[in-house]
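Residue numbers (my numbering): 6 to 273. Here the structure is laid out as structure tokens; the discussion comes afterwards.
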């Protein structure tokens with residue numbers, strides 16, 4: 006498996022997430038609607054997770070600090086692709102019973118273009134050599150409300166993987182200890198297959214990889230929950246009438262908690 010496909014940190018199971026929600030008043034988003042033990046008391050989130058704590062500072066490429074991941078590219082597989090706005094919100098546990106917006110966190114996002122090509126990868130891992138190029142890669146720092154916005158494109162697909170978007174969250178816990186959470190977003194198969202009928206995308210054959218067959222999507226938590234079920238975005242037509250927009254909120258548990266999340270188990 007590619008190094009970029011490795012998870013860093015822990016995801017909370019549904020039961021664990023609801024236990025946290027009960028203490029902190031979080032509203033947990035599920036495919037069946039909003040669930041909470043204390044309706045309206047706290048922020049709405051789609052995921053509860055805990056980061057991995059590391060030693061030393063993390064590397065930052067300041068040239069990639071940008072909101073528009075398409076900037077500077079003349080590739081038709083980017084300029085002619087379907088726009089996607091991604092709004093992310095981060096919260097962190099101030100105590101076991103209280104979550105607050107997480108400002109100053111670095112959020113990195115990267116994914117393929119409409120033809121399934123990554124930037125800054127050699128031929129072999131990619132259909133073409135794109136070393137030294139940095140399109141569809143970048144990071145933003147969360148504002149005082151814990152929010153970042155990325156303007157990008159709906160990603161294409163490539164053989165062996167379903168449609169996905171990589172992201173990484175890095176921040177200093179208590180101002181001193183580096184904390185990292187790395188995962189992937191997925192999208193509904195029916196939406197992806199519909200959009201892939203448009204240029205410059207390639208139609209995705211039925212026998213190519215879709216969500217239920219993808220080894221990362223099929224990864225499981227200790228309670229059997231598939232990772233993909235809690236990491237799937239819900240893109241909707243943008244208010245501007247051009248492209249799609251989606252949002253996702255994450256609650257990062259950085260204080261000791263009886264339910265401190267579970268590691269993802271891979272499915273072959």
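C-beta atoms are modelled at their ideal positions from N, C-alpha and C, and glycine is treated no differently.
What residue from 86, 150, 186, 185 has the CA that sits closest to residue 141's CA? Residue 86 is the option with its Cα nearest to residue 141.
Opening and closing residue of the alpha helix (DSSP H) in which residue 194 lies: Where residue 194 is concerned, the enclosing alpha helix (DSSP H) stretches over 194 to 200.
Helix, strand or coil for residue 84, going by three-state DSSP, please let me know. Looking at residue 84 - three-state DSSP - the assignment turns out to be helix.
Quick one: using the 10 Å Cβ neighbour count with 16 as the cut-off for buried, is residue 216 buried or exposed? Residue burial annotation: residue 216 is buried, with at least 16 other C-beta atoms found within 10 angstroms of its C-beta.
Inter-residue Cα distance where the pair is residue 69 and residue 213: Using only the alpha carbons, I get a separation of about 32 Å.
When the Cα atoms are used, what is the spatial distance from residue 57 to residue 196? Each residue's Cα considered, the two are about 33 Å apart.
If you draw a straight line from the C-alpha of residue 201 to the C-alpha of residue 161, how long is it? So the two alpha carbons sit approximately 8 Å from each other.
Output needed for residue 73: all residues of its chain with C-beta closer than 7 Å, excluding positions within five of it in sequence on either side, in chain order. Closer than 7 Å at Cβ, skipping near neighbours: 156.
Would residue 148 be called buried (16 or more neighbouring beta carbons within 10 Å of its own) or exposed? By the 10 Å Cβ count, residue 148 comes out exposed.
Would you call residue 181 buried or exposed, if buried means 16 or more other Cβ atoms sit within 10 Å of its Cβ? Exposed, since its Cβ has fewer than 16 Cβ neighbours within 10 Å.
Identity of the residues DSSP links to residue 176 by a beta bridge: DSSP lists 184 as partners of residue 176.
Can you give the beta carbon distance from residue 167 to residue 222, rounded, assuming they're within the 8 Å contact cut? Indeed they touch by this definition, with Cβ atoms about 6 Å apart.
Quick check on DSSP: helix, strand or coil for residue 153? Residue 153: strand per DSSP, three-state reduction.
Environment of residue 241 [buried if 16+ CB atoms lie within 10 Å]: Exposed is the call here.
Between the C-alpha atoms of residue 126 and residue 103, what's the straight-line distance to the nearest angstrom? Using only the alpha carbons, I get a separation of about 42 Å.
If you draw a straight line from the alpha carbon of residue 194 to that of residue 26, how long is it in whole angstroms? In a straight line, the C-alpha of residue 194 is about 30 Å away from that of residue 26.
Span of the beta strand (DSSP E), counted from its first residue to its last, around residue 284: For the chain, the structure presents residues 6 to 273; residue 284 sits outside this window and is missing.
Could you check what DSSP says for residue 31 in three-state terms: helix, strand or coil? Of the three classes helix, strand and coil, the one that applies to residue 31 here is coil, per DSSP.
For residue 211, does the count of other Cβ atoms within 10 angstroms reach 16, so buried, or fall short, so exposed? Here residue 211 is exposed. Its C-beta has fewer than 16 other C-beta atoms within 10 Å.
Span of the beta strand (DSSP E) around residue 255: Segment 249 to 257, the beta strand (DSSP E) holding residue 255.
In DSSP terms, what residue 106 is bridged to: Beta-bridge analysis with DSSP links residue 106 to 96.
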